[in-house]
Structures are given as structure tokens and as C-alpha cells.
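Shown next, in C-alpha cells, is the structure this report addresses.
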């Protein structure tokens, strides 16, 4: 449908893209049609054709180190000004997917409803490489949901053993119930350099959390924020507004809940329903029309 509406698009890579992109480029360099490359939607003989899906990689440790040397001249331009102005900043992908199925989020279905993580040693290698080769000392560890488990403990000990805990600060996002239940790991995480944690609180309403598919109780969010602040980790809470049942009273109730929650930072996001994520996520019908990507200019 997207390619039908946008004739300037020649290829779409569906799903996990590293191997698909390489095979696509290999075919183009050999002037071969990429009809046998899995995970593509292409134009072939005047038709839009989707090739079979590509299986997910079994081991993310097989990925090569990102080619930071190709963008080194840009790495000093971007800073986390709110928390660490002037520090060299980078993003490290720690895992892909999520074992949960929140209806406002696309990550679980996109990654096949499974979670795959790089090993603690591989993650520590990436941190060490960024610090030693590029002077990076602030990292966003981009796990969609950082599990506070044995892997997390091993990762923290790797950073400490390599002397990185005092040199590199990092930011991560995690579930409130994981923090509330396994808060014993927070002192170790802080020693390993964890400076900031984002918690998906979403709502004060148990009914709304249930409808969102968020298996969480508001009390767990309260406990998680308390534990983070108590261990010197900056606590950010994200919340959702724009639900179909929202009105002045419900937003005031959410505001009161956030006042009681007392995070270091509260961030509010407008509910965005995505295709295939359930009719309960649809906003009320208040008019409007679909906007095609081709009508947007920048």
C-alpha cells in the first residue's frame, strides 16, 4: 500500500534489516533483481512484490561492532544537555524485543513477540570501545525493557571490573515492577555507572492499565520511583494522556498521582494507536482524515 501510493520508493526492508540490506546491496552491485532476497518489498515486473519474511537472528553477539569511525566527526556534536551537558554521548543497542505486549507499543509484535539480548561481556566490550577509542562517557543503553536479572548483574560487574563504573555513566529504561521486586540490584547498578532510569508508569488507573495490556499496578510504580531516588539514580516516569476516556477530571487525577509519585522528571506522551494493536486503543471519533506520506514536505 505504501509503495503503491509512493512511486519514488523502490525498496522496503521489512523486519530485522542487517542481513537483508547487505544482500540487497550485493544484488544491486551485481545488477541482479533482488527477488530472491528475503524480507523485502520491491517493484518487480511492474508489480509490488513482497518476498518471504526473514527469520530473526539467533545471536545478537554475531553483529559486528558499529562502524563509529565512519561518523566520528559527528560524535562530539550531540549531548544529553539536560543531565550531562558537554559529555560525549552514544547509544548502544542492548537487546531487541520485549516479552510483554502493551497495546500502545509496537516493539513486541515487530520483533516477533520474543526478547533477545547481547551478552554482558559483549555490552561491556561496546562500552569500553566507545570510551577508549572515542572518549564517550555517557551512553544510552537502548534496551526496550532492561531486565533486572542475572544478566544485568553480570553486566554491572563487568563494567566495575574493567574500571568503567567511575568513567562512563549510562541511562536505561525498565519496568516498574522489575525495579520494585528486584531493587537489591540498584546499588550495584549505581556503582557500575547507572545514572538515570526511565520507568513506564503510564497511568494512575488500574482499569486503564488493564485496557492498555500493561500488567502493572500503580503501587509498583510508587515503589520503583522511591527505590531509584533512594539509591541516587535519576528517576524519570513516562505517562500517557489522550485516552478515549480522558476528560478534565481524569487528567487532574493523573496530575495528582504524579505529584504523589514525585519522580525527578515526568514526561507525558499522547496516546498513539498503531495498526493491529487492538480496537481498545482507538481514540474517540472527532473528525479528521488520513494524511499520505507523499503530502508531507520538509
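Numbering (our numbering), first residue to last: 14 to 311.
Cβ coordinates follow ideal geometry from the N, Cα and C atoms, glycine included.
Check: Return the chain-ordered list of same chain residues with a C-beta closer than 6 Å to the C-beta of residue 143, the five sequence neighbours on each side being excluded.; Outcome: 103 and 149
Check: So, with DSSP's three-state summary, where would you put residue 7?; Outcome: What the structure shows of the chain is the stretch from 14 to 311, and residue 7 is not part of that stretch, so it cannot be assessed.
Check: Please report how far the alpha carbon of residue 23 lies from the alpha carbon of residue 34, in whole angstroms.; Outcome: 13 Å
Check: Should residue 225 be labelled buried (16 or more other beta-carbon atoms within 10 Å of its own) or exposed?; Outcome: buried
Check: Please name the residue in 139, 30, 28 and 116 whose C-alpha comes closest to that of residue 79.; Outcome: 139
Check: Give me the Cα-Cα distance between residue 218 and residue 109, rounded to the nearest whole angstrom.; Outcome: 29 Å
Check: Which first and last residues belong to the beta strand (DSSP E) in which residue 151 is found?; Outcome: 151-154
Check: Going by the beta-carbon positions, is the gap between residue 51 and residue 66 smaller than 8 Å?; Outcome: yes
Check: I'd like to know if the region 71-86 and the region 40-59 are in contact, where contact means that at least 3 CB-CB pairs between them fall below 8 Å.; Outcome: no
Check: Would you please state the rounded distance, in angstroms, between the beta carbons of residue 147 and residue 96? I believe it to be under 8 Å.; Outcome: Not quite, the Cβ-Cβ distance comes to about 19 Å (not below 8 Å), so this is no contact.
Check: Quick one: what does DSSP say residue 207 is sitting in, helix, strand or coil?; Outcome: strand
Check: Report yes if the C-beta distance between residue 320 and residue 210 is below 8 Å; otherwise report no.; Outcome: Outside the modelled stretch of the chain, which goes from 14 to 311, sits residue 320, for which no answer is possible.
Check: For residue 214 and residue 190, I'd like the C-alpha separation in whole angstroms.; Outcome: 10 Å
Check: Within the chosen definition, does the region 230-245 reach the region 127-138 through at least 3 CB pairs nearer than 8 Å?; Outcome: no
Check: On a Cα-Cα basis, can you pick out the residue from 276, 244, 175 and 265 that is closest to residue 254?; Outcome: 265
Check: Quick test of your reading: residue 205 and residue 159, contact by CB under 8 Å. State the CB separation rounded to the nearest angstrom.; Outcome: Contact doesn't hold; Cβ gap of about 12 Å is too wide.
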